[in-house]
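Chemist:
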Amino acid sequence: MARRSILVLKQLFTKSPSSDSPIFLGLCSRFNPNRSVTYMPRPGDGTPRAVTLIPGDGIGPLVTGAVEKLMEAMHAPVYFEKYEVHGDMKKVPQEVIDSIVKNKVCLKGGLATPMGGGVSSLNLQLRKELDLYASLVTCFNLPGLPTRHENVDIVVIRENTEGEYAGLEHEVVPGVVESLKVITKFCSERIAKYAFEFAYLNNRKKVTAVHKANIMKLADGLFLESCREVATKYPGIKYNEIIVDNCCMQLVSKPEQFDVMVTPNLYGNLVANTAAGIAGGTGVMPGGNVGADHAVFEQGASAGNVGNDKILVQRKANPVALLLSSAMMLRHLQFPSFADRLETAVKRVILEGKYRTKDLGGQSTTQEVVDAVIAALD
Amino acid sequence: MATPIGKGHRSLNLTLRKELNLYANVRPCYSLPGYKTRYDDVNLITIRENTEGEYSGLEHQVVKGVVESLKIITRQASLRVAEYAFHYAKTHGRERVSAIHKANIMQKTDGLFLKCCREVAEKYPDIKYEEVVIDNCCMMLVKNPALFDVLVMPNLYGDIISDLCAGLIGGLGLTPSCNIGEGGIALAEAVHGSAPDIAGKNLANPTALLLSAVTMLRHLKLNDKADRIQNAILSTIAEGKYRTADLGGSSLTTDFTKSICDNL
Numbered sequence: 001m002a003r004r005s006i007l008v009l010k011q012l013f014t015k016s017p018s019s020d021s022p023i024f025l026g027l028c029s030r031f032n033p034n035r036s037v038t039y040m041p042r043p044g045d046g047t048p049r050a051v052t053l054i055p056g057d058g059i060g061p062l063v064t065g066a067v068e069k070l071m072e073a074m075h076a077p078v079y080f081e082k083y084e085v086h087g088d089m090k091k092v093p094q095e096v097i098d099s100i101v102k103n104k105v106c107l108k109g110g111l112a113t114p115m116g117g118g119v120s121s122l123n124l125q126l127r128k129e130l131d132l133y134a135s136l137v138t139c140f141n142l143p144g145l146p147t148r149h150e151n152v153d154i155v156v157i158r159e160n161t162e163g164e165y166a167g168l169e170h171e172v173v174p175g176v177v178e179s180l181k182v183i184t185k186f187c188s189e190r191i192a193k194y195a196f197e198f199a200y201l202n203n204r205k206k207v208t209a210v211h212k213a214n215i216m217k218l219a220d221g222l223f224l225e226s227c228r229e230v231a232t233k234y235p236g237i238k239y240n241e242i243i244v245d246n247c248c249m250q251l252v253s254k255p256e257q258f259d260v261m262v263t264p265n266l267y268g269n270l271v272a273n274t275a276a277g278i279a280g281g282t283g284v285m286p287g288g289n290v291g292a293d294h295a296v297f298e299q300g301a302s303a304g305n306v307g308n309d310k311i312l313v314q315r316k317a318n319p320v321a322l323l324l325s326s327a328m329m330l331r332h333l334q335f336p337s338f339a340d341r342l343e344t345a346v347k348r349v350i351l352e353g354k355y356r357t358k359d360l361g362g363q364s365t366t367q368e369v370v371d372a373v374i375a376a377l378d
Numbered sequence: 001m002a003t004p005i006g007k008g009h010r011s012l013n014l015t016l017r018k019e020l021n022l023y024a025n026v027r028p029c030y031s032l033p034g035y036k037t038r039y040d041d042v043n044l045i046t047i048r049e050n051t052e053g054e055y056s057g058l059e060h061q062v063v064k065g066v067v068e069s070l071k072i073i074t075r076q077a078s079l080r081v082a083e084y085a086f087h088y089a090k091t092h093g094r095e096r097v098s099a100i101h102k103a104n105i106m107q108k109t110d111g112l113f114l115k116c117c118r119e120v121a122e123k124y125p126d127i128k129y130e131e132v133v134i135d136n137c138c139m140m141l142v143k144n145p146a147l148f149d150v151l152v153m154p155n156l157y158g159d160i161i162s163d164l165c166a167g168l169i170g171g172l173g174l175t176p177s178c179n180i181g182e183g184g185i186a187l188a189e190a191v192h193g194s195a196p197d198i199a200g201k202n203l204a205n206p207t208a209l210l211l212s213a214v215t216m217l218r219h220l221k222l223n224d225k226a227d228r229i230q231n232a233i234l235s236t237i238a239e240g241k242y243r244t245a246d247l248g249g250s251s252l253t254t255d256f257t258k259s260i261c262d263n264l
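Top to bottom, those sequences are chains A and B.
As numbered in UniProt numbering, residues 1 to 378 make up the first sequence, in order.
As numbered in UniProt numbering, residues 1 to 264 make up the second sequence, in order.
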């Protein structure tokens, strides 16, 4: 009897796959020729992880709601602890900080910052308080999304705590205001180390330092020195330097020459937004902020201070950026298969092109895009 | 004029600007007909404050490993450049002036700049005025540059944004600029650097300096001569037969110049 069943099995496996052979399907429906070597978790790794969620202002609640729906649909092992924080608060509530310290991972929508007013940006406060010293924005062409530039695959790593954003301003005499830009060796060194380590761990070939050291010789000169020192420790990774105005110009004409870029605070903001713009816009580029102990994931490049009101009212905000950032978060939490599923589903929806929000040239609402992504999940 | 990076004397370009009090750097960027780039509908002017801001050159080392650099914004300089921007918009028939800033982070410095722009905007009620945060501006420029008309901004942002716009239309080889000083002084110069790598090889693109000379002629009110030269340059580029290396061709500087002279 065993010999006969072996013969039958042999026959089934040598037959060419045909869709109307139910027995064959039943035996081989899980065969995936593209499956890579499996991820072996430790026992207990599947317990749901708590993640702090800050919906934020403007389009924030809309796009974080999209992430929540996706996580539910995938039955991902994460649950969210929501906290209300708004841009007009004086400072981030202590309970929110405590929650992030406990959970170590946070997902947030944008927080509005009053223009020219007396309150310092809450986004900035959060980063300083938790010492999230590296901000990443990944910019890449999404298949199916037409842009003017091809072959864009850039990661901008930006120093997040000092530089021009030190917040040290004062009025010297009426009509004359000074703002201090502070650059320290400590911060420059650690961001350079992070950038090279990132390149090394992600198989990136080149790190470019962006600066304006021909004008700000001491400040950006110190930043460059730190980058050069760290570069000598990674001989396998190419290193070069570029002045920020030339960099922006090269980004719009030949973006394929850039790989990983490391920058001080302000230039990083501009370069990240430019790179995000050429790769498809702030609505689709993911990003996050990371420090030694915590990570906060959010939309990559800023949405112009939490997006404009018309989009909010019509509920047409683009959730793709935050969805891709939450895929980054899932990978960070070591749930790679969920991250892959989410990323594949989002990319499928973009490729199809039927459900796109206004910034990508379509007319769909956020809800429609979310439903399409849920439907595209494996 | 070449400036050493990270060390050495202060940029001589900057020194000239400070000595002659050239407070506004005007850079018109428009898509050149006949030279195709990824962007065809660029038609904007960037006006950048030229004397203060982040380029004051005031840096010092506080303790070993900590460096401070001062960014200075004064009411006087901001008012001056805002006045010039609106005046320029009015005389050239432009409809909109956008002030570019980062006042959500640098509240006092860029806040002062914005306040000055708003004051001047009230004196020109028929010109639309808006304020755009710089990161948003960068993004909008690469997605849809037709949204902008006249841009006015402090020194550093001006540097970056104007080079970005130059990149949109085809590079620094094509962008003219003019520095305006008090009392009607104008210093027209090409935007690009000294390009030490192609110096002396007769390969450089002279268009930027030629178009700057055209702006200078217009400043001197020699408009008909300016038009003749500009048309000659534009038609030579549109023809496409003689183009220097940065535009994708292989002509020498002298050949390119000769064909412009022939087209006059």
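Backbone N, C-alpha and C define an ideal beta-carbon position, used for all residues, glycine too.
How far does the alpha helix (DSSP H) with K18 of chain B in it extend, from its first residue to its last?
Modeler: Looking at the DSSP string, the run of the alpha helix (DSSP H) that includes K18 of chain B is L12 to E19.
Chemist: Roughly how many angstroms separate the alpha carbons of D45 of chain A and N246 of chain A, rounded to a whole number?
Modeler: So the two alpha carbons sit approximately 47 Å from each other.
Chemist: The alpha helix (DSSP H) with R127 of chain A in it runs from where to where?
Modeler: First-last of the alpha helix (DSSP H) with R127 of chain A: L122 to E129.
Chemist: Taking V301 of chain A as the query, report the chain B residues whose CB atoms sit under 8 Å from its CB, ordered along the chain.
Modeler: The amino acid occupying residue 301 of chain A in the given sequence is Ala; Val does not appear at that position. Here the neighbours are D135 and M139.
Chemist: Name the two residues that bound the continuous alpha helix (DSSP H) containing V42 of chain B.
Modeler: Premise fails: V42 of chain B is in no alpha helix (DSSP H) and is neither H nor E.
Chemist: Could you tell me the alpha carbon to alpha carbon distance between G57 of chain B and A219 of chain A, rounded to whole angstroms?
Modeler: About 10 Å.
Chemist: Any Cβ of chain B within less than 8 Å of the Cβ of G175 of chain A?
Modeler: Yes, its Cβ sits closer than 8 Å to a Cβ of chain B.
Chemist: In chain B, which residues lie less than 9 Å from G277 of chain A when you measure between Cβ atoms?
Modeler: Here the neighbours are C138, M139, M140, L141, V142 and K143.
Chemist: Find the residues of chain B that neighbour V252 of chain A, judging by a C-beta separation of less than 7 Å, and give them in chain order.
Modeler: Chain B residues near V252 of chain A: V142, L164, G167 and L168.
Chemist: Under 8 Å between the Cβ atoms of Y84 of chain B and G181 of chain B?
Modeler: Going by C-beta atoms, Y84 of chain B is not nearer than 8 Å to G181 of chain B.
Chemist: Closer than 8 Å, Cβ to any Cβ of chain A: which residues of the segment 38–56 of chain B, in chain order?
Modeler: Under the 8 Å Cβ criterion, the segment 38–56 of chain B contributes R38, Y39, E54 and Y55.
Chemist: Between Q107 of chain B and chain A, is any beta-carbon pair separated by less than 8 Å?
Modeler: Yes, Q107 of chain B counts as interfacial toward chain A.
Chemist: Could you tell me whether any Cβ in chain B is nearer than 8 Å to the Cβ of E178 of chain A?
Modeler: For E178 of chain A, the answer is yes, since a Cβ of chain B falls inside 8 Å of its Cβ.
Chemist: Listed from N- to C-terminal order along the chain, which residues in the segment 59–77 of chain B have their beta-carbon within a distance smaller than 9 Å of any beta-carbon of chain A?
Modeler: Result list: E59, H60, Q61, V62, K64, G65, V66, V67, E68, S69, L70, K71, I72, I73, T74, R75 and Q76.
Chemist: Between the alpha carbons of T161 of chain A and R48 of chain B, how many angstroms are there, rounded?
Modeler: About 28 Å.
Chemist: The beta strand (DSSP E) that contains I154 of chain A, what's its start and end?
Modeler: Looking at the DSSP string, the run of the beta strand (DSSP E) that includes I154 of chain A is D153 to E159.
Chemist: According to DSSP, what are the bridge partners of R49 of chain A?
Modeler: According to DSSP, R49 of chain A bridges with A:V78.
Chemist: Just the C-alpha distance for E164 of chain A and G200 of chain B, rounded to the nearest angstrom, thanks.
Modeler: Spanning the two alpha carbons is a distance of roughly 39 Å.
Chemist: Give a yes or no on whether the minimum CB-CB distance between residue 402 of chain A and chain B is below 8 Å.
Modeler: This structure leaves residue 402 of chain A out entirely; chain A is present only between 1 and 378.
Chemist: Any idea if R80 of chain B is buried or exposed, counting beta-carbon neighbours within 10 angstroms, 16 or more meaning buried?
Modeler: Under this definition R80 of chain B is a buried residue.
Chemist: Residues of chain B with a CB under 8 Å from the CB of T282 of chain A: which are they?
Modeler: The contacting residues are M139.
Chemist: Which complete beta strand (DSSP E) runs does the segment 44–112 of chain B hold, if anything under 3 residues is left out?
Modeler: Segments of the beta strand (DSSP E) lying fully in the segment 44–112 of chain B: 59–63, 66–74 and 96–101.
Chemist: For the candidate residues A:N214, A:K354 and A:G361, whose alpha-carbon lies nearest to that of A372 of chain A?
Modeler: For the residues A:N214, A:K354 and A:G361, the minimum Cα distance to A372 of chain A belongs to A:K354.
Chemist: Is the CB of D159 of chain B under 8 Å away from at least one CB in chain A?
Modeler: Closer than 8 Å: yes.
Chemist: Using a Cβ-Cβ cutoff of 8 Å, what residues of the segment 172–185 of chain B are near chain A? List them in chain order.
Modeler: Going along the segment 172–185 of chain B in chain order, one finds L172 with a Cβ nearer than 8 Å to chain A.
Chemist: Nearest-angstrom Cα distance between K18 of chain B and L112 of chain B?
Modeler: Computed Cα separation, rounded: 21 Å.
Chemist: What three-state label does DSSP hand T366 of chain A in the structure shown?
Modeler: Correct three-state label for T366 of chain A: helix.
Chemist: Can you tell me whether DSSP reads G163 of chain A as helix, strand or coil?
Modeler: Three-state DSSP puts G163 of chain A in a strand.
Chemist: Just to confirm, are C137 of chain B and L44 of chain B a CB contact at a threshold of 8 Å?
Modeler: Going by C-beta atoms, C137 of chain B is not nearer than 8 Å to L44 of chain B.
Chemist: Using a Cβ-Cβ distance cut-off of 8 Å, determine whether D20 of chain A contacts chain B.
Modeler: Model confidence at D20 of chain A stands at a pLDDT of 46, short of 50, so the residue's coordinates are unreliable and nothing is read from them.
Chemist: Which whole runs of the alpha helix (DSSP H) in the segment 86–120 of chain A are 4 residues long or more, in chain order?
Modeler: Runs found: 94–103.
Chemist: Name, please, each residue of chain B whose Cβ falls closer than 9 Å to the Cβ of residue 379 of chain A.
Modeler: Because chain A in this structure spans residues 1 to 378, residue 379 of chain A falls outside the shown range and cannot be described.
Chemist: Got a sec, what are the start and stop residues for the beta strand (DSSP E) Y129 of chain B sits in?
Modeler: Here the beta strand (DSSP E) through Y129 of chain B covers K128 to V133.
Chemist: Let me know the secondary structure DSSP gives P196 of chain B once reduced to three states.
Modeler: Three-state DSSP puts P196 of chain B in a helix.
Chemist: For a contact defined as C-beta to C-beta under 8 Å, what are the partners of N246 of chain A on chain B?
Modeler: Simply D163.
Chemist: A99 of chain B to Y129 of chain B, Cα distance in whole Å?
Modeler: Computed Cα separation, rounded: 8 Å.
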